[in-house]
Each structure stands twice: as structure tokens, then as C-alpha cells.
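Peer 1: Submitted below is the structure of interest, expressed as C-alpha cells.
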Amino acid sequence: MKLKFTKMHGAGNDFVVIDAINQAIDFTPAQWQYLADRRFGVGADQMLVVEKAQAAGVDFRYRIYNADGGEVEQCGNGARAFVRFVTDKKLTDKRAIKVETMSGIIEPRLEANGQITVDMGAPILNPEDVPFDTTDLLCKAEGEDTLWPLDIKGETNWISVVSMGNPHAVQVVADVEAAPVREDGVLIEHHPRFPKRVNAGFMQILDQHHIKLRVFERGAGETLACGTGACAAVVAGIRRGVLVSPVKVQTRGGELVIAWGGQDSPVMMTGPAVTVFEGEIEI
Ligand SMILES: N[C@@H](CCC[C@H](N)C(=O)O)C(=O)O
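Residue numbers (the UniProt record's numbering): 1 to 283.
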């Protein structure tokens with residue numbers, strides 16, 4: 001088939017976005033990998049699929065596939081691209097929409113200045129629900145957070161575990177540019193303590209309202225930005241008592257602003273979403 005797609009990015013985290021309301025798709029993992037391939041396909045960190053909603057009172061369903069072909073629960077930067085896409089394609093005239101994802105309903109809205117804010121829901125903090133296996137581990141308390149020891153290359157990395165619908169392991173580093181993001185990131189992603197694998201975040205605290213962040217994403221490798229990774233890092237930093245909401249998150253691809261009121265309140269993420277080009281590919 002000839003597949004129509006739109007290439008987009010949110011702070012450099014790039015996507016192939018597909019309208020599955022007006023064209024039927026049913027791809028294998030190998031076909032998703034082909035679309036994501038930067039040499040033989042289109043090239044993307046994730047593929048985003050726009051579908052009709054299944055639940056009542058919801059506008060759309062949003063599905064996410066990593067570059068490795070696996071379907072995943074959530075993508076923050078993708079949620080902003082999703083809003084730009086359905087607005088530009090006139091699939092809705094609402095500025096605030098409700099979107100079903102594998103991990104629940106999120107509520108993005110298009111701001112007057114063109115930025116997009118997404119209510120990402122409350123973070124999940126119970127390790128078993130992230131999921132993270134704490135069997136026989138001794139944790140240490142820091143503020144309201146609990147830090148867990150993770151053995152990487154024979155050394156202990158102290159991590160916070162947070163789920164934003166998808167799993168994250170966040171650690172504080174002195175200098176994010178010098179941090180071994182790719183070398184350690186792949187080991188953290190596949191660490192046996194994470195039964196569903198994990199996204200590995202490395203954050204440098206600049207001040208209470210400002211961090212630098214790099215994320216080695218599950219199923220995609222290091223990306224220029226990770227929206228749920230930014231939410232998870234800010235939640236971890238606020239719980240540790242080293243950050244105060246709102247927090248500016250500087251990534252290699254752009255800036256996001258994350259606000260969180262603590263406990264069960266939703267994490268709000270604001271940032272850009274950009275259309276790069278439209279295309280067609282035989283698949
Ligand atoms: N880029 C994303 C997250 C995409 C999914 C992630 N790699 C996972 O496997 O959970 C974002 O902006 O949140």
C-alpha cells in the first residue's frame with residue numbers, strides 16, 4: 001500500500017504521524033521498524049497513530065510505536081504533535097481535546113501562542129506499578145522520594161522510579177554532557193529489575209526551577225528530548241526536595257516546562273510541536 005504520513009517533531013524528538021481514521025493500517029513490528037529506519041525508511045524515534053476514539057466522551061485514540069517496533073503506553077512529546085496534527089488536518093475544531101492512550105486519558109490543549117500544554121495525569125510512584133522489582137533491596141529516603149540502588153557495571157547508581165504511564169528510572173548527575181548516557185542507558189533499559197524495560201533519565205540540576213536532561217529511551221536509544229522523561233525527572237526532583245514547580249527542562253532538542261502540584265495532582269507539560277513535511281511511502 002501507499003501510506004500517507006506526516007513527519008513531525010517535538011523539541012527534536014521526531015515522529016512519523018499516521019491518520020488511521022482515513023486509511024486502514026495493520027503493520028507488523030518489521031514494518032514499524034522500516035518506517036523508523038533513518039537510512040532505508042522515513043526515520044523517526046516513534047510512530048504515532050491517530051484513530052477514532054473507542055470510549056464515550058473522548059475525541060481520539062492515540063497509539064505509539066517505538067523505533068524497535070514495539071507498541072508502548074505513552075509519549076509526551078508525541079501528545080503535543082498529535083494535537084498539532086489533528087488541528088492542522090481539521091480532524092477537530094476543538095482547542096482542548098481528550099485522547100485515549102494505552103495508559104489512560106490525557107488532555108492536551110493548543111495555547112494561543114502556538115505552544116501545547118498536556119495534562120499528563122498523576123505520576124505513578126509505587127515501584128511495583130512502575131514496574132520495578134525491589135526484592136532484597138535497601139532503599140534510602142531523600143525528602144519524600146525513595147532512592148533505589150541499581151547495580152550498573154559493578155557500581156551503585158541511586159535512582160528514582162516513576163511511571164508516567166510508561167516506566168522511567170531517573171538519576172541526578174553533576175554534568176549531563178559528560179554523563180555516560182548511551183553506555184549506561186542501554187544497561188539500565190535492560191536491567192533485570194525492570195520487567196518491562198525502562199527509559200533512563202540523567203538530570204543535572206542548574207537551580208530549583210531549571211534542569212538539563214538527557215534520556216536514553218526504551219526501544220529508541222538516546223533521543224533529543226523525551227516528554228514523559230521530563231515529567232518523571234521533575235516529579236523525582238520535587239519529591240527529593242531539590243526542585244520547585246514550575247521547572248524549565250533543557251534538552252538537546254529544545255525546552256519544555258513542567259509543572260506539578262505534588263501527590264495526586266496531574267503533571268502539566270508545555271512545549272512545541274512542529275510539522276516538518278508530508279510524504280507517501282510504499283509499504
Ligand atoms: N519520546 C517519548 C516517549 C516514547 C516512549 C518511550 N520510548 C517508552 O518506551 O516508554 C516522550 O516524549 O515521552
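Here a beta-carbon is modelled for each residue, glycine too, at the ideal position from N, C-alpha and C.
Reducing DSSP to helix, strand and coil, say where alanine 178 ends up.
Peer 2: Position 178 of the sequence shown, counted from the start, is the residue given in the question as residue 178. Alanine 178 falls in the coil class under three-state DSSP.
Peer 1: With a threshold of 7 Å, establish whether the CB of aspartate 119 neighbours any heavy atom of ligand 1.
Peer 2: Reading the sequence shown from its first residue, position 119 is the one you call residue 119. Aspartate 119: no, Cβ never under 7 Å from ligand 1.
Peer 1: I need the straight-line Cα distance from glycine 57 to aspartate 45, nearest angstrom please.
Peer 2: Here residue 57 refers to the residue found at position 57 when the sequence shown is read from its first residue. Here residue 45 refers to the residue found at position 45 when the sequence shown is read from its first residue. Their Cα atoms are separated by approximately 30 Å.
Peer 1: Using only the alpha-carbon positions, how far apart do histidine 209 and alanine 259 sit?
Peer 2: Counting from 1 along the sequence shown, the entry for residue 209 is found at position 209. Counting from 1 along the sequence shown, the entry for residue 259 is found at position 259. Roughly 10 Å between the two C-alpha positions.
Peer 1: Going by C-alpha distance, which of Ala36, Val99, Met1, Pro29 is nearest lysine 7?
Peer 2: Sequence index remark: in the sequence shown, residue 7 carries index 7 (1-based). In this structure, Ala36 is the residue among Ala36, Val99, Met1, Pro29 with its C-alpha nearest to the C-alpha of lysine 7.
Peer 1: Roughly how many angstroms lie between the CA atoms of glutamate 280 and valine 17, to the nearest whole one?
Peer 2: By one-based count along the sequence shown, residue 280 stands at place 280. By one-based count along the sequence shown, residue 17 stands at place 17. Rounded to the nearest angstrom, the two C-alpha atoms are 12 Å apart.
Peer 1: Spatial neighbours of glycine 185 within its chain, please: CB distance less than 6 Å, with the 5 preceding and 5 following residues excluded, ordered by chain position.
Peer 2: What you label residue 185 is simply residue 185 of the sequence shown in a count that begins at 1. For glycine 185, where only same-chain residues beyond five positions count, the Cβ hits under 6 Å are Ala200, Phe216.
Peer 1: So, are the CB atoms of aspartate 26 and lysine 4 less than 8 Å apart?
Peer 2: Along the sequence shown, one-based indexing puts residue 26 at 26. Along the sequence shown, one-based indexing puts residue 4 at 4. Going by beta carbons, aspartate 26 and lysine 4 fall outside the 8 Å limit.
Peer 1: Give every residue whose Cβ lies closer than 7 Å to any heavy atom of ligand 1, listed in chain order.
Peer 2: Gly10, Asn13, Asp45, Gln46, Ile64, Asn66, Val72, Glu73, Gln74, Cys75, Gly76, Asn77, Gly78, Asn166, Pro167, Asn199, Glu217, Arg218, Gly219, Ala220, Thr223, Ala225, Cys226, Gly227, Thr228, Gly229
Peer 1: Three-state secondary structure (DSSP) at threonine 135?
Peer 2: Within the sequence shown, residue 135 is the residue found at index 135, counting from 1. Of the three classes helix, strand and coil, the one that applies to threonine 135 here is coil, per DSSP.
Peer 1: Considering only residues of the same chain and omitting the five flanking positions on each side of leucine 243, which have a CB-CB separation below 8 Å?
Peer 2: Within the sequence shown, numbered from 1, the residue matching residue 243 stands at position 243. Within the same chain, leucine 243 has close Cβ partners Ile205, Gln208, His209, Ile211, Val234, Gly237.
Peer 1: Drop a sphere of 10 angstroms on the beta-carbon of serine 265, count the other beta-carbons inside from all chains shown, and report buried for 16 or more, exposed for fewer.
Peer 2: To locate residue 265, count along the sequence shown from 1; it is residue 265. Serine 265 should be labelled exposed.
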